[in-house]
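Written below as structure tokens is the structure these notes are about.
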Amino acid sequence: MKYKYLSTQVPRVKIDYSYSVFEGERFLDAWFTSRQVVQGNNDSVCYKLNRITGSSTEGLFLEWIGIKNNKGELNKEKLNLLVKRFEVTKKIYSSYDENFRPKDKSLYNEYRLYQLFSLVLCKEYADSNRLPLLNALLKLNDIVLSVYEIGEELDVELLRETLAQEVRFVLELRRD
Numbered sequence: 002m003k004y005k006y007l008s009t010q011v012p013r014v015k016i017d018y019s020y021s022v023f024e025g026e027r028f029l030d031a032w033f034t035s036r037q038v039v040q041g042n043n044d045s046v047c048y049k050l051n052r053i054t055g056s057s058t059e060g061l062f063l064e065w066i067g068i069k070n071n072k073g074e075l076n077k078e079k080l081n082l083l084v085k086r087f088e089v090t091k092k093i094y095s096s097y098d099e100n101f102r103p104k105d106k107s108l109y110n111e112y113r114l115y116q117l118f119s120l121v122l123c124k125e126y127a128d129s130n131r132l133p134l135l136n137a138l139l140k141l142n143d144i145v146l147s148v149y150e151i152g153e154e155l156d157v158e159l160l161r162e163t164l165a166q167e168v169r170f171v172l173e174l175r176r177d
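Numbering follows the working numbering, in which position 20 of the sequence shown is assigned residue number 21; successive positions increment by one, without gaps.
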């Protein structure tokens, strides 16, 4: 069985997760295999994330990562709203207004933002175990892996980190 939630068309075209059929262990095996595409050390890495793009969304995500690294609490209302917006569009935009509506709907191809949001969700899920965060994390990583497979330049160490955490979270749930 092949993991069917990777697509060369993302994020321009949304991956359709609706009405997904339960496929049991075969599906989990295919999902796990898809997460092994980036080879390397699966140990957690800590490195300094520098601002690269200068987008306001990147600044927000780096701020949130800093808060989590310092054992702080994120504004749950803002995080939940952004997760909700992401779940509808399956896109992360370069800039948002105060209600997390995109300022420019054409600016959603900064793949670093998807990676940074994935890290934010990893850190917040590790503290809260809130399943909507894990659900969004899985979809973010599907998008990131999809663009990685078509050769987009990504932060491979960050990708390894978020995939390793995602796998750990799912395996922990599976054991429970």
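Positions of the beta carbon are idealized from the N, C-alpha and C atoms, including for glycine.
Query                                                                                                                                                      : Result
Rank Y115, A137 and Y126 by C-alpha distance to the C-alpha of L160 and give the top, closest one.                                                         : Y115
Consult DSSP for L112 and reduce its assignment to one of helix, strand or coil.                                                                           : Note that residue 112 corresponds to Tyr in the displayed sequence, not to Leu. In this structure, Y112 counts as helix in the three-state DSSP scheme.
Please return the same chain residues whose Cβ sits closer than 8 Å to the Cβ of L122, not counting the five positions on each side in sequence.           : V84, L134, L135, A137, L138 and L141
If we count Cβ pairs, one from each stretch, closer than 8 Å, do we get three or more for the stretch 5-18 versus the stretch 142-154?                     : yes
Using DSSP with H/G/I as helix, E/B as strand and the rest coil, what is Y20?                                                                              : coil
Please classify Y97: is it buried, with 16 or more other beta-carbons within 10 angstroms of its beta-carbon, or exposed?                                  : buried
Quick check on the DSSP output: what are the complete alpha helix (DSSP H) runs of length 4 or more inside the stretch 82-136, in order along the chain?   : 112-129
Using a Cβ-Cβ cutoff of less than 7 Å, which residues in the same chain neighbour S119 once the five nearest sequence positions on both sides are dropped? : L138, L141, N142, V145 and T163
Where does T54 sit, in a helix, a strand or coil, going by DSSP?                                                                                           : coil
Only counting the same chain, and skipping five residues up and downstream in sequence, which positions put a Cβ closer than 8 Å to that of D30?           : M2
Is K15 helix, strand or coil by DSSP?                                                                                                                      : coil
Quick one: give me the first and last residue of the alpha helix (DSSP H) that V157 is part of.                                                            : V157 to R176
Run through DSSP, which three-state label would N43 get?                                                                                                   : Low per-residue confidence applies at N43: pLDDT is 49, beneath 50, and the placement is therefore not dependable, though the value from the model is reported in the following sentence. Looking at N43 - three-state DSSP - the assignment turns out to be coil, as it is neither helix nor strand.
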